[in-house]
Structure formats: structure tokens, C-alpha cells
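Q: Okay, so the sequence shown: first residue is 197 according to our numbering, each after it adds one.
In this text, a Cβ means the ideal position worked out from N, Cα and C, and glycines have one as well.
Quick caveat, the model's predicted, so the values are computed rather than measured.
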Amino acid sequence: MSIEFTFVPGTNSNGRSAAGAAPFFFDPHASAVALARVEDAGFQSVVIDNSGGSAGLLTNFDLAANAAALTSSLQIVLTHWAGVVAPTVAARQLASLAAASEGRLALRILPDGIAEDDLATDSHPSHIATWQRTDEYLTLLKRLWSNDKPFDHEGPFYSVRGGFVPNKDPRGFAIPIRMSGLSGTSLKVAGRHADIFELASGAPEDVRVLIARVRGAAAQYGRSGKIRFAMPVSFMRERPLSRSDAVHVPGPPPRSALSLIAYADAGVSEFMVTGPYDPEKIERFGQAIAPLLRNSLARKERRAISPAPGQSGTSTMGRRLRA
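#1: Excluding the 5 residues flanking Phe-467 on each side, which residues of the same chain have their C-beta closer than 6 Å to its C-beta?
#2: For my contact list, Arg-304 and Val-243 are in at a C-beta cut-off of 8 Å; report their separation, rounded to the angstrom.
#3: Report yes or no: do three or more beta-carbon pairs, one from the segment 406-417 and one from the segment 381-395, lie closer than 8 Å?
#4: Any beta-carbon of chain D closer than 8 Å to the one on Lys-496?
#5: Along the chain, where does the beta strand (DSSP E) that runs through Thr-202 open and close?
#6: How do the segment 290-300 and the segment 253-267 stand: do at least 3 beta-carbon pairs fall below 8 Å, yes or no?
#7: Short check: CB of Glu-479 to CB of Ala-228, under 8 Å?
#8: To which residues of the same chain is Leu-456 closer than 6 Å at the C-beta, ignoring the five residues directly before and after it?
#9: For Arg-404, collect the residues of the same chain with a Cβ closer than 6 Å to its Cβ; drop the 5 residues on either side in sequence, then sort them by chain order.
#10: Tell me, please, which residues DSSP counts as bridged to Gln-271.
#11: Would you list the residues sitting across from His-444 in a DSSP beta bridge?
#12: Leaving aside the five residues before and after Ser-292 along the sequence, list all residues of the same chain whose C-beta is less than 8 Å from its C-beta, in chain order.
#13: Go ahead and pull the three-state DSSP assignment for Leu-378.
#14: Apply the 10 Å Cβ neighbour rule to Leu-254 and answer buried if 16 or more other Cβ atoms are within range, or exposed otherwise.
#15: Quick one: what does DSSP say Glu-497 is sitting in, helix, strand or coil?
#16: Are the CB atoms of Asp-348 and Gly-358 within a distance shorter than 8 Å?
#17: Between which two residues does the alpha helix (DSSP H) containing Val-356 stretch?
#18: Express the C-alpha separation of Ser-241 and Pro-352 in angstroms, rounding to a whole number.
#19: Quick check on Glu-312: does DSSP put it in helix, strand or coil?
So, in C-alpha cells, the structure goes:
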């Protein structure tokens with residue numbers, strides 16, 4: 197089983213970016229050093245999320261462009277949401293950024309404007325409207341990325357006249373989209389659009405249930421097998437006093453790594469390592485935790501496909517038939 201790791205710097209206890217918690221992004225030299233450490237540690241992706249900063253999400257475009265220029269293999273996960281800029285403007289900016297990063301861009305759509313208590317229900321009108329707007333927004337982005345001719349669109353949230361993106365990414369609309377949510381409405385939208393679904397924290401069995409719900413929603417669009425699942429995890433020594441959106445896995449590297457196996461068995465193929473940037477912890481993760489988890493899963497997979505002692509892959513009857 198292939199496991200990937202994503203670094204989510206500067207996140208607070210609720211899994212959202214804390215203002216000033218990842219200052220290295222705003223210093224070219226510090227950013228180059230930090231991202232090199234992250235890349236060398238074996239992370240496949242890094243999340244750009246300045247939603248907690250005073251400059252807002254628009255800064256993420258500049259930060260993502262800088263991160264792409266400073267790295268060679270990291271996927272740049274740009275945090276965004278519907279309503280920040282018009283779909284036509286966003287589509288052009290994202291297509292340019294995807295081309296500049298040589299296809300290393302992913303789009304992370306947050307459920308902005310939804311109260312925490314409403315995340316698991318469809319009871320609040322603004323909740324449904326927010327997700328409907330997100331659905332229309334993503335549909336327009338994909339259409340703008342793929343159409344070879346200008347088009348018009350008139351919807352409940354957006355009006356487009358002559359929409360067209362001239363300089364497209366070579367992959368067209370295949371820029372990976374990451375989403376999350378718990379309500380039926382959010383899962384329906386994610387089932388239609390998401391390539392990676394970011395799970396809420398919980399016990400492995402809870403995660404397994406949520407994965408089944410997402411796959412069920414995706415099945416309506418013929419996409420049940422096309423979504424991968426990511427789980428936020430925290431290796432911080434102390435558990436946050438407030439509710440955390442990351443699974444807390446402290447302790448020595450062997451214990452931390454082994455505690456994640458149950459989540460991989462439940463269907464998680466990516467772990468999002470959250471928390472403030474710490475060079476020593478990044479190095480420890482790359483040298484101990486990540487290899488231990490990958491090796492443990494590889495051994496488990498080999499045992500699962502190997503025949504039991506005293507048995508061979510071919511039965512006696514099979515040998516006689518071939519003889």
C-alpha cells in the first residue's frame with residue numbers, strides 16, 4: 197500500500213492556519229531552507245494556508261508561486277474557497293500557477309462560512325447555500341480549464357460571459373482537488389469533485405464509516421474508486437486543550453508509526469502532519485516515523501499475499517493437470 201505524507205505548517209488546534217505560525221513563508225531565505233528540509237524528509241506535499249493571516253487567502257497565490265519556485269518535487273497544495281475571486285479570474289491564475297509549477301499544484305477547497313456546529317448537518321440554510329456555491333464554482337473551474345472555446349453560463353451564484361482560459365495546464369482540468377466535510381450536502385459535492393478527501397479526526401472505525409459515506413456519495417457520479425483519503429495527524433507531545441481536527445499520536449517513533457497502521461487499514465493513504473514548523477521534528481519524522489510506517493505496511497502486505505507455511509502457490513491437483 198502506497199502511503200504519502202503532507203506537511204501542514206502553522207496549524208492551530210482546530211486544523212486551520214494560525215496567523216504568524218508559519219512565518220518562514222514570508223522570508224525567501226527561511227522559506228528555501230524550511231522547504232528543503234521538508235522535501236528531504238520525504239514529504240510529498242506542503243499545504244499553503246494563510247487563511248488566518250491579515251492578508252487573507254489571496255496571499256496564498258503568491259506564497260504558492262514562491263514555494264513552487266523553491267522546490268522540485270513537492271506538490272503545492274493551495275488553500276482556497278469559493279467567493280474569494282470570480283471563477284474566470286481564479287481559473288486563469290490557477291492555470292498559470294499549475295503551468296509554472298510543472299503540474300505540481302493541487303487545490304484545497306475549505307468549507308468557509310460554515311459554523312463548526314453545522315458541519316455535520318444540513319439544518320442551516322447558509323450551509324446548503326455555501327456548498328451549492330462551491331459546487332457551481334468548481335464546475336466552472338473545470339469547464340474553464342477544459343473548454344477549447346469561450347462559453348456563457350448563468351447560474352444561481354455566478355454569471356459568465358465568454359469564459360475562456362487561453363493558457364491551460366497540460367493536464368487540463370486534472371488539477372487535483374481536495375475537500376472535506378461531514379454533512380450529506382458536503383459529501384455530495386465532494387463526491388462529485390474531490391480527488392482527495394481530508395477526513396475528520398476520530399477512531400479508526402469512525403474513519404472507516406466516513407470513508408464509506410464519501411464513497412457512497414461518489415458512486416452517484418461513477419467516482420467511488422477515484423477518491424483517496426487523507427488524515428490529519430499531530431505528533432506534538434502535549435494534546436491540545438481545545439478540540440483538535442488532527443489525530444494525536446505522540447510518543448517514541450515506533451509507537452507513533454504503529455498507531456497509524458489501523459488508519460491505513462481503514463483506507464487512509466495520506467497522512468497530513470500538522471503543527472508549527474520545527475526543524476528537529478521534521479528531521480525525526482523523515483528519519484524514523486515515515487520509514488517505520490512504510491516498512492511496517494509493506495511487511496504486512498507481503499504477509500497477506502504470501503502462502504501459509506507448508507503451502508505452495510500451486511495445488512497438487514494443478515500440478516497433476518499440467519503433467
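A: In this structure, then:
#1: Phe-201, Met-427, Val-429
#2: Arg-304 to Val-243, Cβ: 7 Å. Contact.
#3: yes
#4: This model lacks chain D altogether, as it is built from one protein chain only.
#5: 200-205
#6: At 8 Å Cβ cutoff, the stretches touch.
#7: For the 8 Å CB-CB criterion, Glu-479 and Ala-228 do not form a contact.
#8: Leu-489
#9: Ala-462
#10: Within the DSSP bridge table, the entry for Gln-271 names Ser-241 as partners.
#11: Paired residue(s): Ser-430.
#12: Asn-363
#13: coil
#14: exposed
#15: helix
#16: yes
#17: For Val-356, no alpha helix (DSSP H) encloses it; the enclosing beta strand (DSSP E) starts and ends at 355-359.
#18: Those two C-alpha atoms are separated by around 35 Å.
#19: Legend: pLDDT at Glu-312 = 44, less than 50; position of this residue unreliable, no value from coordinates given.
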